[in-house]
Amino acid sequence: MSFGSILFDHNGVLPKTPDALQFLSDLHLDQVIEAIIAPKREYDLKPFFLTPLHDVETILYRQEVMRELESEPLMVILRAFAEQMSVVRRYLAMVEKLDFELHKKGWFLEAALVYCNAVKKLAGHLENSRFRSRGLRLFRDYVMQYVRSSPFLSLADEADQVKKALSEVRYCVIIENGKFKVGPYEEEEDYSVEVENTFAKFKQAAAEEYLVKLSQRSGMSHIEAIILEFVARLYPEPFAALREFCARHNPFVDETLRAFDREIQFYIAYLEFIGDFRREGLPFCYPQVSAEGRESYVREGFDLALALSMRRQGERTVVCNDFFLRAPERILVVTGPNQGGKTTFARMFGQLHYLASLGCPVPGREARLVLFDKLFTYFETEEDIRNLRGKLEDDLFRVHQILSQATPQSILIFNEPFASTALHDALFLSKEVMARVIDLDARCGWVTFLDELASMSEKVVSMVAMVDPTDPTIRTFKVVRQPANGLAYAFSLAQKHRLTYHDIQERIHDEGLSTVS
Amino acid sequence: MMKVFLLYPEQDFDASQPLPPLAEDLVQDLELKVLLEAMAKGDEHLFRASTRVLLSGVQDMAVIHYRQEILQDCLKHPDVIRRIYRIPLEFMERKRRQWLWISTRYSPPASILNSAQQMLAATLDLLWELRRIADAYAEQFTSRGFRRFFTMIQQELDDSYLALVERQVNALRFPQGVLLSARLGAGNEGAEYVLRKPNNADQPWIKRMLTRKSPTYSYTLHPRDEAGARILGELRDRGVARAANAVAQAADHIESFFKVLQFELAFYLGCLNLHEALEQLGAPIAFPRPAPVQERRLSCTNLYDVTLLLTMQQAVVGNDVAADGKKLIVITGPNQGGKTTFLRSLGVAQLMMQAGMFVPAESFSANVCTALFTHFKRAEDKTLESGKFQEELQRMSAIVDHLTPNALLLCNESFASTNEREGSEIAWQIVSALLEKRVKVFYVTHMYELAQRFYENDRADALFLRAERLPDGTRTFRLREGEPLETSYGVDVYRKIFGEDNEPLQRESEFARYSGSLQGQQ
Numbered sequence: 006m007s008f009g010s011i012l013f014d015h016n017g018v019l020p021k022t023p024d025a026l027q028f029l030s031d032l033h034l035d036q037v038i039e040a041i042i043a044p045k046r047e048y049d050l051k052p053f054f055l056t057p058l059h060d061v062e063t064i065l066y067r068q069e070v071m072r073e074l075e076s077e078p079l080m081v082i083l084r085a086f087a088e089q090m091s092v093v094r095r096y097l098a099m100v101e102k103l104d105f106e107l108h109k110k111g112w113f114l115e116a117a118l119v120y121c122n123a124v125k126k127l128a129g130h131l132e133n134s135r136f137r138s139r140g141l142r143l144f145r146d147y148v149m150q151y152v153r154s155s156p157f158l159s160l161a162d163e164a165d166q167v168k169k170a171l172s173e174v175r176y177c178v179i180i181e182n183g184k185f186k187v188g189p190y191e192e193e194e195d196y197s198v199e200v201e202n203t204f205a206k207f208k209q210a211a212a213e214e215y216l217v218k219l220s221q222r223s224g225m226s227h228i229e230a231i232i233l234e235f236v237a238r239l240y241p242e243p244f245a246a247l248r249e250f251c252a253r254h255n256p257f258v259d260e261t262l263r264a265f266d267r268e269i270q271f272y273i274a275y276l277e278f279i280g281d282f283r284r285e286g287l288p289f290c291y292p293q294v295s296a297e298g299r300e301s302y303v304r305e306g307f308d309l310a311l312a313l314s315m316r317r318q319g320e321r322t323v324v325c326n327d328f329f330l331r332a333p334e335r336i337l338v339v340t341g342p343n344q345g346g347k348t349t350f351a352r353m354f355g356q357l358h359y360l361a362s363l364g365c366p367v368p369g370r371e372a373r374l375v376l377f378d379k380l381f382t383y384f385e386t387e388e389d390i391r392n393l394r395g396k397l398e399d400d401l402f403r404v405h406q407i408l409s410q411a412t413p414q415s416i417l418i419f420n421e422p423f424a425s426t427a428l429h430d431a432l433f434l435s436k437e438v439m440a441r442v443i444d445l446d447a448r449c450g451w452v453t454f455l456d457e458l459a460s461m462s463e464k465v466v467s468m469v470a471m472v473d474p475t476d477p478t479i480r481t482f483k484v485v486r487q488p489a490n491g492l493a494y495a496f497s498l499a500q501k502h503r504l505t506y507h508d509i510q511e512r513i514h515d516e517g518l519s520t521v522s
Numbered sequence: 147m148m149k150v151f152l153l154y155p156e157q158d159f160d161a162s163q164p165l166p167p168l169a170e171d172l173v174q175d176l177e178l179k180v181l182l183e184a185m186a187k188g189d190e191h192l193f194r195a196s197t198r199v200l201l202s203g204v205q206d207m208a209v210i211h212y213r214q215e216i217l218q219d220c221l222k223h224p225d226v227i228r229r230i231y232r233i234p235l236e237f238m239e240r241k242r243r244q245w246l247w248i249s250t251r252y253s254p255p256a257s258i259l260n261s262a263q264q265m266l267a268a269t270l271d272l273l274w275e276l277r278r279i280a281d282a283y284a285e286q287f288t289s290r291g292f293r294r295f296f297t298m299i300q301q302e303l304d305d306s307y308l309a310l311v312e313r314q315v316n317a318l319r320f321p322q323g324v325l326l327s328a329r330l331g332a333g334n335e336g337a338e339y340v341l342r343k344p345n346n347a348d349q350p351w352i353k354r355m356l357t358r359k360s361p362t363y364s365y366t367l368h369p370r371d372e373a374g375a376r377i378l379g380e381l382r383d384r385g386v387a388r389a390a391n392a393v394a395q396a397a398d399h400i401e402s403f404f405k406v407l408q409f410e411l412a413f414y415l416g417c418l419n420l421h422e423a424l425e426q427l428g429a430p431i432a433f434p435r436p437a438p439v440q441e442r443r444l445s446c447t448n449l450y451d452v453t454l455l456l457t458m459q460q461a462v463v464g465n466d467v468a469a470d471g472k473k474l475i476v477i478t479g480p481n482q483g484g485k486t487t488f489l490r491s492l493g494v495a496q497l498m499m500q501a502g503m504f505v506p507a508e509s510f511s512a513n514v515c516t517a518l519f520t521h522f523k524r525a526e527d528k529t530l531e532s533g534k535f536q537e538e539l540q541r542m543s544a545i546v547d548h549l550t551p552n553a554l555l556l557c558n559e560s561f562a563s564t565n566e567r568e569g570s571e572i573a574w575q576i577v578s579a580l581l582e583k584r585v586k587v588f589y590v591t592h593m594y595e596l597a598q599r600f601y602e603n604d605r606a607d608a609l610f611l612r613a614e615r616l617p618d619g620t621r622t623f624r625l626r627e628g629e630p631l632e633t634s635y636g637v638d639v640y641r642k643i644f645g646e647d648n649e650p651l652q653r654e655s656e657f658a659r660y661s662g663s664l665q666g667q668q
């Protein structure tokens with residue numbers, strides 16, 4: 006079997022990505038994906054991260070490659086290759102935008118030099134490597150065959166010769182009013198110091214700011230292009246060789262290497278991203294994945310977006326949580342104090358399934374997950390004046406849409422639905438919707454402060470966010486499998502934020518207080 | 147002194163000042179982007195100026211009146227205003243064209259020199275245009291601001307000043323004919339340019355030509371090849387960068403005046419654009435009557451939500467309010483009844499009044515407030531710092547940090563993210579304390595317990611409004627005075643979405659069984 010793609014075990018093309026994945030932003034996976042791909046903007050990796058897989062075989066193909074890439078020496082080699090390929094792309098893109106023939110060809114040559122060097126180094130490193138994954142084995146064989154092929158050998162040799170001849174050229178430009186001359190350099194002396202002294206009297210104290218800009222320039226004007234033409238007439242041989250080189254070797258980048266260079270970044274980006282978390286002691290694992298089955302679990306799972314946000318703020322600990330679902334259980338109802346980690350737990354539930362379906366290691370010590378066909382989330386949205394349906398009507402409309410599209414293989418995540426309606430209404434509507442989810446038999450995570458929902462059916466598992474038993478204002482962010490306990494801690498929070506009646510009395514100062522004797 | 151002074155009688159508007167605290171929340175909650183976009187009409191300068199001025203409202207009633215006068219002049223002479231505004235705009239445009247003629251940010255020395263010279267020369271006609279306008283219209287404008295502005299132009303931009311500028315532009319000329327050495331760098335670009343002293347420079351020219359051994363190629367520029375001439379100049383002037391710098395800095399002085407003029411006028415142009423948009427939709431405007439900060443005044447007729455109007459592009463329902471002497475307004479009523487819209491219209495009108503603008507109403511009068519804050523219900527905070535309720539408390543606490551007596555706070559469904567009993571209690575404590583500290587509070591709420599508690603409190607300085615719902619369920623989007631009602635209308639909406647004939651699925655007996663068994667375990 007010959008090498009096709011490092012992302013797909015068969016010669017498959019990327020399935021069409023759905024346009025809008027609302028659930029990504031609800032699960033904060035959009036932040037995670039942005040953080041993963043941000044250092045790799047030029048590779049356009051987003052489509053790969055927006056395309057969950059639904060076949061176990063391809064997921065295993067990726068898991069194999071990813072495991073192998075965890076070896077640091079291999080990663081160093083691939084990173085070096087990627088950096089040089091990036092330079093090649095930048096040069097070639099620039100060539101497209103340039104106007105003058107010899108300027109374009111000059112940069113084309115630079116690109117080819119960098120490319121040859123990159124491929125030779127890669128081949129040198131891969132030659133003696135032994136790989137276990139199908140993907141990397143096939144790729145190694147491909148590179149070794151390519152680097153020994155005669156087209157590549159002649160490309161590399163000619164590029165070196167042409168460059169050497171050009172770099173030996175020296176010349177002079179003589180500028181007069183409205184015209185100029187070009188001739189060879191004949192050891193003339195440096196004159197800039199004298200000219201500067203002549204105009205020293207114009208120097209202003211505050212002139213620094215412009216001088217910084219003055220020292221830099223780039224690109225080529227038509228005048229410089231004419232100068233270059235004249236130089237080429239003075240020294241015709243190296244430029245003739247350059248023209249011949251460009252005619253013979255355009256394009257020079259191998260298509261398979263080009264695709265590999267992009268696709269391997271999917272793995273590199275993800276591993277670099279999770280590397281920082283692993284160093285902090287957070288576990289990631291390759292989940293067991295199956296297409297069907299009614300049992301799933303995670304040990305020490307966590308919300309990756311929360312971990313990311315905490316790291317950005319310099320905080321370290323993210324709390325890990327477990328769950329399991331065994332037939333007939335299908336629904337996790339999460340209750341407990343506000344800010345106790347309920348929503349985070351629900352997000353983790355969704356994130357685990359999504360990341361597993363990309364073929365990636367998931368945030369957790371150990372996991373077994375069943376693939377989903379569709380993932381739906383229902384989170385509060387901000388009020389939008391363009392949407393003139395009442396908010397509740399809009400909410401119910403969305404719930405109705407989700408329920409009519411979901412199947413028993415789907416995953417639904419509800420985060421405090423109907424929280425903005427009166428208590429009586431919220432309870433009525435929540436029970437209605439829950440009853441429909443139970444009938445559907447889909448997997449579901451449901452965050453609520455309505456304890457009643459946690460005991461609605463044998464399909465429902467009650468999970469509770471815990472507080473510190475010695476101080477109820479301290480959240481532990483542990484979410485534990487136990488009956489809902491009906492405790493809420495709103496008032497203690499208000500105290501914490503100094504928002505009780507007495508706090509506010511103290512915090513706002515009366516006007517003109519200082520003038521009162 | 148060349149000073150613009152169109153926003154304050156005796157100072158420039160300081161656009162470098164930070165926006166007031168929590169201004170982003172205000173923009174988001176009051177949907178100010180819609181208003182600002184109508185003012186900007188796609189112009190980023192207008193957007194920026196309108197944003198800064200609208201959000202940095204003033205408390206000084208004299209300044210409000212000063213701006214109202216100027217704005218009235220603007221409404222009377224919109225074409226003159228636009229003509230003045232074109233002057234700094236043209237200046238910026240010329241600057242952009244001439245200074246940044248090459249795609250790179252780092253223009254070569256010759257280009258800066260050339261452009262700065264040309265720009266100063268070209269500025270003369272703009273300064274003349276400004277003076278012509280001043281001469282023509284000084285008598286027709288009645289506001290103090292414009293009268294001062296025109297007088298200043300006539301005095302400061304006299305002939306001697308303009309002549310000085312011209313002399314300085316012409317004073318700078320440079321030696322001709324230079325020799326540079328170079329080699330081919332990456333991409334065959336000329337590299338390592340070094341200014342060289344010609345060999346045998348002391349000998350006569352004819353002798354030098356004869357002693358030069360190697361062939362040379364020469365090129366004469368087409369007379370109309372201005373870009374080429376500039377590039378030659380760039381190479382030539384490589385060693386004289388500091389001279390270019392001096393000219394560029396001279397241009398800076400004029401530029402700074404034009405920048406202030408552009409900024410301050412941009413705000414009034416924004417008002418003109420908005421005025422036109424409202425006029426086309428047949429919506430009324432009024433110049434508001436501000437009342438002193440210590441008073442409690444609010445009365446208006448046909449006050450409408452200008453952002454909703456601009457979004458819908460058609461007339462929207464306005465409201466009349468008579469709330470003089472009231473410190474607290476509690477607004478209740480059904481979903482989709484126009485509560486948020488009403489609250490937003492109050493906030494927007496207050497901001498517009500304190501920016502010196504007209505307001506979207508037939509009449510409007512309110513006391514000036516020291517600051518305006520919004521606490522609106524939000525989707526969950528994206529930064530994940532906390533749960534929803536925690537996030538609400540944090541925002542409220544941040545507001546309390548900045549609250550002073552005589553500020554105005556708009557609450558929209560605040561503390562609805564926890565359950566109703568707790569939310570009501572916390573809101574009660576906060577609002578009661580704020581009222582005692584002379585903070586004015588408008589509160590939209592679903593929480594029956596909260597609204598009812600204030601109602602039963604029977605305070606004379608509180609007003610209770612309810613979004614109207616007719617017996618058949620129709621909403622009129624009007625607010626009526628009235629006591630809070632207990633029900634929301636969730637069941638109506640549920641039937642509408644899930645269908646009239648789709649009976650609720652709840653099987654009470656089954657739920658009772660499971661909840662019973664779980665309770666048994668406890």
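Going down the list, the sequences are from chains A and B.
So the first sequence is residues 6 to 522, counted in my numbering.
So the second sequence is residues 147 to 668, counted in my numbering.
Each residue gets a CB set at the ideal place from its N, CA and C atoms; glycine is no exception.
Please read all numbers here as calculations on a predicted model, not as lab measurements.
Does the CB of residue 603/B have a neighbour CB from chain A at under 8 Å? no
Quick check: the Cα distance between residue 13/A and residue 65/A, rounded to an integer number of angstroms? 10 Å
Please say whether residue 171/A and residue 247/A have beta carbons closer to each other than 8 Å? yes
According to DSSP, residues forming a beta bridge with residue 521/B: 557/B
Helix, strand or coil for residue 578/A? Go by DSSP, reduced to three states. This structure gives no information on residue 578/A, because the portion of chain A shown stretches from 6 to 522.
Buried versus exposed call for residue 159/A [16 or more other C-beta atoms within 10 Å across all chains shown]: exposed
Beta carbon of residue 615/B nearer than 8 Å to that of residue 484/B: no
Answer yes or no: does any C-beta atom of chain A fall closer than 8 Å to that of residue 566/B? yes
Chain B partners of residue 524/A, CB-CB under 7 Å? No statement about residue 524/A is possible, as the shown extent of chain A runs from 6 to 522 and does not include it.
Chain-ordered chain B contacts of residue 449/A [CB-CB under 9 Å]: Correct list: empty, because the minimum Cβ distance to chain B is about 16 Å.
Chain A contacts made by the segment 581 to 595 of chain B, where a contact means CB separation under 9 Å: 582, 583, 584, 585, 592, 593 and 594
Taking only runs that begin and end inside the segment 89 to 167 of chain A, name each unbroken alpha helix (DSSP H) of 4 or more residues, in chain order. 106 to 131 and 139 to 152
To which residues of the same chain is residue 275/A closer than 7 Å at the C-beta, ignoring the five residues directly before and after it? 41 and 365
Note down the Cα distance separating residue 637/B from residue 438/A, rounded to an integer number of angstroms. 13 Å
To which residues of the same chain is residue 512/A closer than 7 Å at the C-beta, ignoring the five residues directly before and after it? 503
Looking at chain A, is there any beta carbon in it that lies within less than 8 Å of the beta carbon of residue 600/B? no
Starting from residue 336/A and walking both ways along the alpha helix (DSSP H), at which residues does that stretch end? Per DSSP, residue 336/A belongs to no alpha helix (DSSP H); it is in the beta strand (DSSP E), 336 to 340.
What are the boundary residues of the alpha helix (DSSP H) that residue 301/A is part of? No alpha helix (DSSP H) contains residue 301/A, which is instead part of the beta strand (DSSP E) from 301 to 306.
Under 7 Å Cβ to Cβ from residue 574/B, same chain only, skipping five residues before and after it: list those, please. 596 and 599
I'd like the list of long-range same chain contacts for residue 291/A, defined as Cβ closer than 6 Å, with 5 residues on each side in sequence excluded. 68 and 366
Thinking C-alpha only, which one of 477/B, 468/B and 518/B is nearest residue 509/B? 468/B
Taking only beta carbons into account, state which residues of the segment 332 to 346 of chain A come closer than 9 Å to chain B, listed in chain order. 342, 343, 344, 345 and 346
Under a Cβ-count criterion, where at least 16 other Cβ atoms within 10 Å of its own Cβ denotes burial, should residue 387/B be classed as buried or exposed? Per-residue confidence for residue 387/B stands at a pLDDT of 49, beneath the threshold of 50, marking its modelled position as unreliable; the derived number appears in the next sentence. When all chains shown are included, residue 387/B counts as buried.
So for residue 331/B, helix, strand or coil by DSSP? coil
Kindly indicate the opening and closing residues of the beta strand (DSSP E) around residue 623/B. 621 to 627
Strictly below 9 Å CB to CB, what residues from chain B border residue 190/A? 327, 328, 329 and 342
Using a beta-carbon distance cut-off of less than 9 Å, what residues from the segment 245 to 267 of chain A approach chain B? 247
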